[in-house]
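**Q** With mature numbering (1 follows the signal peptide of the UniProt record, and there is no 0) as the guide, the letters of the sequence shown map in order to residues -20 to -1, 1 to 174.
A virtual CB, placed ideally from N, CA and C, is assigned to each residue, including glycine.
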Amino acid sequence: MKRGRPFILAVILFALPALSAAVDDNLPGDSVYQVQAQLTDQAGRVRPWRELRGRPTVVSMFYANCHLTCPLIIANGKALQAQLSPHEYASLDFAMLSIDPERDTPEALMEVAEVHRLDPGHWHLLRPEQSDVRMLAAVLGIRYRAQPDGSFNHTSALILLDGDGRIVARSQVAGVQPDPGFVVAVREHLSATR
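(1) Give every residue of the same chain whose Cβ lies closer than 8 Å to the Cβ of L48, excluding the five residues on either side of it in the sequence, and list them in chain order.
(2) Taking three-plus beta-carbon pairs below 8 Å as touching, is the region 155 to 162 in contact with the region 79 to 95?
(3) Taking DSSP as the reference, what is the three-state secondary structure of V163?
(4) Just verifying my parser: in three-state terms, what is the DSSP assignment at A75?
(5) Go through its chain and collect everything with a Cβ distance to I54's Cβ below 8 Å, but skip five positions before and after it.
(6) Within a Cβ cutoff of 8 Å, which residues of the same chain sit near H169, ignoring the five residues on either side of it in sequence?
(7) Excluding the 5 residues preceding and the 5 following A1 in the sequence, name in chain order all residues of the same chain whose CB lies nearer than 7 Å to its CB.
(8) Once you ignore the five residues that flank A17 on each side, which residues in its own chain have a CB closer than 8 Å to its CB?
(9) Shortest alpha-carbon distance to I163 belongs to which of I122, P100, N56?
(10) DSSP state of N133, grouped into three classes?
(11) Spatial neighbours of L7 within its chain, please: CB distance less than 7 Å, with the 5 preceding and 5 following residues excluded, ordered by chain position.
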């Protein structure tokens, strides 16, 4: 579940060619927020990827037109949220990044948020620019491939980032209920950041 620094550093080094020439010295070197990317949220607001910095965030990648795996990822995140205390719940955000920005318009993302009754104060459905999808997937360790029918095969994972964008823990999504070890990792991290 938890990946060590060598893995994270290898991913960052792999991604370096697409990172901005001006690395942010205020961010740790292994921060996924070193990637320069613009995102559009479900309300149509454009914001930089690094704007998520500051709070622990559970991140995943999905696409709105998915009817199998992606709803399970969302259900898994909601089940994780349901297991948190009110204080823990208030301290954690969720960010779902689209791997299909061509079709995942703000309206499509808003429909997903409404269908799944996602709390807009904690859930951010985000559409990167097409040119940024592969880089974001690489730094998060998400693999994906477009299929001829318009669907995508992709890694189904929840990834806990600390407030500076370092990967703390990850869990493969296999069902509606979250991995108990991932829940423990989230709770321990939230407790340590109080």
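**A** So, from the listed chains and residues:
(1) none
(2) no
(3) If DSSP states are grouped into helix, strand and coil, V163 belongs with the helices.
(4) Three-state DSSP puts A75 in a strand.
(5) F42, M76, V92, H96, L98
(6) P36, L140, D142, V148, A149
(7) Residue placement at A1 cannot be trusted, given a pLDDT of 41 that sits under 50; the coordinates are not used to answer.
(8) Around A17: P28, W29, P108, E109, D112, M115, L116.
(9) In the sequence under discussion, the amino acid at residue 163 is Val, which differs from the Ile named in the question. Cα-wise, what sits closest to V163 is N56.
(10) strand
(11) Y13, Q14, D144, G145
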